[in-house]
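Q:
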Amino acid sequence: MTTSTAAPLSSGPSAVSRGGVILCVALIVLVVALLAGPRYGAILLIGLGFGLTLEGFRFGFTGPWRRMILERDASGLIAQFICIAIVAVAAFPLLAANGAELKGAHAPIGIAMIGGAFLFGAAMQIVLGCGSGTLVNAGSGNVIGAVALPFFAIGSFAGAYHLTWWTDLGSLPVLAMSGTRGLLITLAGLAALAVLALMFGTKGSHRLPARIWGAVLVLAVLAILHLVVAGQPWGVVYGLGLWVAKGVVAAGGDLSGSTFWAAPANAAQVEASLLTDVTSLTNLGLIGGAALMTWWRAGFFSALPRLPVRAWVAVVIAGLMLGYTSRLAFGCNIGAFFSGIGTGSLHGWVWFVAAFAGSWLGIRLRPMLGLEARR
Amino acid sequence: MTRGHVGLLLALGMLGLMALDFTQSRSLNPYTAPPMLALGSGLAATGGHCAAPPPK
Numbered sequence: 001m002t003t004s005t006a007a008p009l010s011s012g013p014s015a016v017s018r019g020g021v022i023l024c025v026a027l028i029v030l031v032v033a034l035l036a037g038p039r040y041g042a043i044l045l046i047g048l049g050f051g052l053t054l055e056g057f058r059f060g061f062t063g064p065w066r067r068m069i070l071e072r073d074a075s076g077l078i079a080q081f082i083c084i085a086i087v088a089v090a091a092f093p094l095l096a097a098n099g100a101e102l103k104g105a106h107a108p109i110g111i112a113m114i115g116g117a118f119l120f121g122a123a124m125q126i127v128l129g130c131g132s133g134t135l136v137n138a139g140s141g142n143v144i145g146a147v148a149l150p151f152f153a154i155g156s157f158a159g160a161y162h163l164t165w166w167t168d169l170g171s172l173p174v175l176a177m178s179g180t181r182g183l184l185i186t187l188a189g190l191a192a193l194a195v196l197a198l199m200f201g202t203k204g205s206h207r208l209p210a211r212i213w214g215a216v217l218v219l220a221v222l223a224i225l226h227l228v229v230a231g232q233p234w235g236v237v238y239g240l241g242l243w244v245a246k247g248v249v250a251a252g253g254d255l256s257g258s259t260f261w262a263a264p265a266n267a268a269q270v271e272a273s274l275l276t277d278v279t280s281l282t283n284l285g286l287i288g289g290a291a292l293m294t295w296w297r298a299g300f301f302s303a304l305p306r307l308p309v310r311a312w313v314a315v316v317i318a319g320l321m322l323g324y325t326s327r328l329a330f331g332c333n334i335g336a337f338f339s340g341i342g343t344g345s346l347h348g349w350v351w352f353v354a355a356f357a358g359s360w361l362g363i364r365l366r367p368m369l370g371l372e373a374r375r
Numbered sequence: 001m002t003r004g005h006v007g008l009l010l011a012l013g014m015l016g017l018m019a020l021d022f023t024q025s026r027s028l029n030p031y032t033a034p035p036m037l038a039l040g041s042g043l044a045a046t047g048g049h050c051a052a053p054p055p056k
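Top line first, the protein sequences correspond to chains R and L. Each residue of the first sequence is one higher than the one before, starting from 1 at the first, in full-length UniProt numbering. Each residue of the second sequence is one higher than the one before, starting from 1 at the first, in full-length UniProt numbering.
Take a look at the structure:
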């Protein structure tokens, strides 16, 4: 028999606490399903799955791009391409056979779209969080994500408010690939990008850890489920702007001056409950899922970083930029890159190139803004 | 401060958002809600999405 006076290491919440929290979450989903309808309960559940997956497997979009640019580690980027390819294999036939019930993330390529994607790429590297990443970071108690999030939402509202002015600067019609031919071109394009990443990546970049494979598969299944349940691919940014639009109206503001917010569908959504808005529900699920995973791992006890004032100013400005530019770019990493390419939109490919170039700039800016040691 | 404090503040913010939404929005009616799956529902997808082309 051995005795020890040392306190046991913390292994997170007790089994009873965990069971209680799972029950509470299940009750919340059930209440949403009962109040708003089963589809909305299911969408919240899928959103929770996204949050649990991204935080649980520590999978994201910004970090792998950063590692590719700084360390030539292509593994995360290749994992993203594989995930999009799996989604595309399911989404293309679904969209081809059910075009009236399901829609893709199809948007026009334009001057503001390209510029928006470039600036989004820069801003996401400054706060180290894209659309989903900022929500997950905020949910996990990351103070930079939490500070950036409300400004992301304000920027998204403002970008949507001005959207038609920006698109009038010049844009092509919506160009989207469909059917078997479209799918094959998409898969070939993703394979070509993966080969390119491997060529520029370090040796061993092709080996994906089991954790990443898990994330890729679960994320792809959830994204396909999202399309089947919601009738549209996963998106983030619309919901954030909607939250601010609701606040503006509650404060007595008038949205009739905006072509976007005064459009019948959007005006109706501003009047309707957030529990019937697809992207709001997945966003709330992302935050909740990330928080749940952090709590499960006892990760809420970490101390916050000390940053200079200029870093906080940069986070606020980058948050605004994330929101505003993602509206001009017709999506963030999720709505444009992941769902756009996954459902055949050519704007997703252009978005990726522009945002990747912007990421290079953002990585260079980050140390200058006091967010890390200068490189 | 710890991450827990940030999480708590965020949770309060989300609760505030839901409270604002509850007081400002039309009442929910689950009996007019769409079927659980859009696929096979026979209804057009109508949800807002960031990639949706701008209104004319």
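Cβ coordinates follow ideal geometry from the N, Cα and C atoms, glycine included.
According to DSSP, is R/S171 helix, strand or coil?
A: The answer is strand: DSSP assigns R/S171 an E or B state.
Q: Sorted by chain position, which residues of the same chain lie with C-beta nearer than 7 Å to R/I185's C-beta, five sequence neighbours on each side aside?
A: Cβ within range, chain order: M177.
Q: Where are the alpha helix (DSSP H) runs, 4 residues long or more, that stay fully inside the region 326 to 375 of chain R, in chain order?
A: With a minimum length of 4 residues, the continuous alpha helix (DSSP H) runs that stay inside the region 326 to 375 of chain R are 339 to 342 and 346 to 368.
Q: Assuming R/G335 contacts L/A44 (C-beta within less than 8 Å), just tell me the rounded distance between them.
A: Rounded, the Cβ-Cβ distance is 19 Å, inconsistent with contact.
Q: Check the Cβ-Cβ distances between L/L17 and every residue of chain R, and say whether any is below 9 Å.
A: Answer yes: the Cβ-Cβ gap between L/L17 and chain R drops below 9 Å somewhere.
Q: So what does DSSP say about R/P108, is it helix, strand or coil?
A: It is a strand residue.
Q: Using a Cβ-Cβ cut-off of 7 Å (strictly less than) and excluding sequence neighbours within five positions of R/A36, which residues of its own chain qualify?
A: S273, L275 and T276, listed in sequence order.
Q: At a CB-CB cut-off below 8 Å, which residues of chain L make contact with R/H162?
A: Here the premise fails: no neighbours, minimum Cβ distance about 10 Å.
Q: Give me the Cβ distance between L/P53 and R/V174, rounded to the nearest whole Å; I'm assuming they're in contact under 8 Å.
A: Confirmed, about 6 Å.
Q: Contact criterion: CB-CB distance below 9 Å. Does R/W243 meet it with respect to chain L?
A: Yes, contact with chain L.
Q: Can you confirm whether R/G340, when its beta carbon is compared against all beta carbons of chain L, has any partner nearer than 9 Å?
A: Closer than 9 Å: yes.
Q: Between which two residues does the alpha helix (DSSP H) carrying R/M68 extend?
A: Residues T62 to E71.
Q: Can you find the residues in the same chain that come closer than 7 Å, C-beta to C-beta, to R/F330, ignoring five residues on each side of it along the sequence?
A: Here the set comprises A107, M113, A336 and H347.
Q: In terms of alpha-carbon separation, which member of R/A33, R/G141, R/F352 and R/S132 lies closest to R/V239?
A: A small fix is needed here, since residue 239 of chain R is Gly in this sequence, not Val. Considering only alpha carbons, the answer is R/S132.
Q: Could you give the C-beta distance for R/K103 and L/L20, rounded to a whole number, given that I count them as a contact under 8 Å?
A: Not a contact, Cβ separation roughly 29 Å.
Q: Look at the Cβ atom of R/M124, then the Cβ atom of R/L322, and state whether they are nearer than 9 Å.
A: Result yes, Cβ atoms of R/M124 and R/L322 sit closer than 9 Å.
Q: Below 8 Å on the Cβ atoms is my guess for R/V127 versus R/G145; work out the distance and round it to an integer in Å.
A: Confirmed, Cβ separation roughly 7 Å.
Q: Please work out which residues of its chain come closer than 6 Å, Cβ to Cβ, to R/S75, disregarding the five sequence neighbours upstream and downstream, and give them in chain order.
A: Closer than 6 Å at the Cβ level, and outside the excluded window around R/S75, lie S205 and L208.
Q: So for L/T23, helix, strand or coil by DSSP?
A: DSSP places L/T23 in helix when its eight states are reduced to three.
Q: Across which residues does DSSP place R/A303 in a beta bridge pair?
A: L/T2, per the DSSP bridge assignment.
Q: Does the ligand ATP have a heavy atom nearer than 8 Å to the CB of R/S345?
A: Because no ligand of any kind appears in the structure shown, any question about the ligand ATP cannot be addressed here.
Q: What residue does the alpha helix (DSSP H) around R/W296 start on, and which one ends it?
A: Taken as a continuous stretch (DSSP letters only), the alpha helix (DSSP H) holding R/W296 covers V278 to W296.
Q: Candidates R/P305, R/V313, R/A355 and R/Y40: which alpha carbon is nearest L/L28's?
A: Measuring from the Cα of L/L28, the nearest candidate turns out to be R/Y40.
Q: Distance cutoff 9 Å, beta carbons only. Does R/L307 sit that close to anything in chain L?
A: No, R/L307 lies away from the interface with chain L (no Cβ there is under 9 Å from its Cβ).
Q: Identify which residue in R/A357, R/L320, R/V353 and R/R310 has its Cα closest to the Cα of R/L371.
A: Closest option to R/L371, Cα to Cα, is R/R310.
Q: Relative to the alpha-carbon of R/A250, which residue among L/S25, L/K56, L/G4 and L/T46 has its alpha-carbon at the smallest distance?
A: The residue with the shortest Cα to Cα distance from R/A250 is L/S25.
Q: Could you tell me which residues DSSP puts in a beta bridge with R/A262?
A: DSSP lists no partner for R/A262.
Q: Please check the pair R/A79 and R/I212, which I expect to be a contact at CB under 8 Å, by giving their CB distance rounded to whole angstroms.
A: Indeed they touch by this definition, with Cβ atoms about 5 Å apart.
Q: For R/A176, which beta-bridge partners are listed by DSSP?
A: Paired residues: R/S345.
Q: I'd like to check one pair, R/T167 with R/V236: are the Cβ atoms closer than 9 Å?
A: Taking 9 Å as the Cβ cut-off, R/V236 and R/T167 do not qualify as a contacting pair.
Q: Determine the chain L residues that contact R/G235 at a beta-carbon separation under 7 Å, and present them in chain order.
A: Per Cβ cutoff of 7 Å: H49, C50 and A51.
Q: Roughly how many whole angstroms lie between the Cα atoms of R/L169 and R/L163?
A: Roughly 10 Å between the two C-alpha positions.
Q: Between which residues of its own chain and L/L8 is the CB-CB distance below 6 Å, once the five residues before and five after are set aside?
A: The answer is none, since no qualifying residue turns up.
Q: Please name the residue in R/P264, R/V228, R/A223 and R/P38 whose C-alpha comes closest to that of L/T32.
A: Selected option, being the one with the closest Cα: R/P38.
Q: Between the C-alpha atoms of R/F81 and R/G99, what's the straight-line distance to the nearest angstrom?
A: Computed Cα separation, rounded: 25 Å.
Q: Kindly say whether R/N333, judged by its beta-carbon, lies nearer than 9 Å to any beta-carbon of chain L.
A: It does not: the Cβ of R/N333 has no partner Cβ on chain L nearer than 9 Å.
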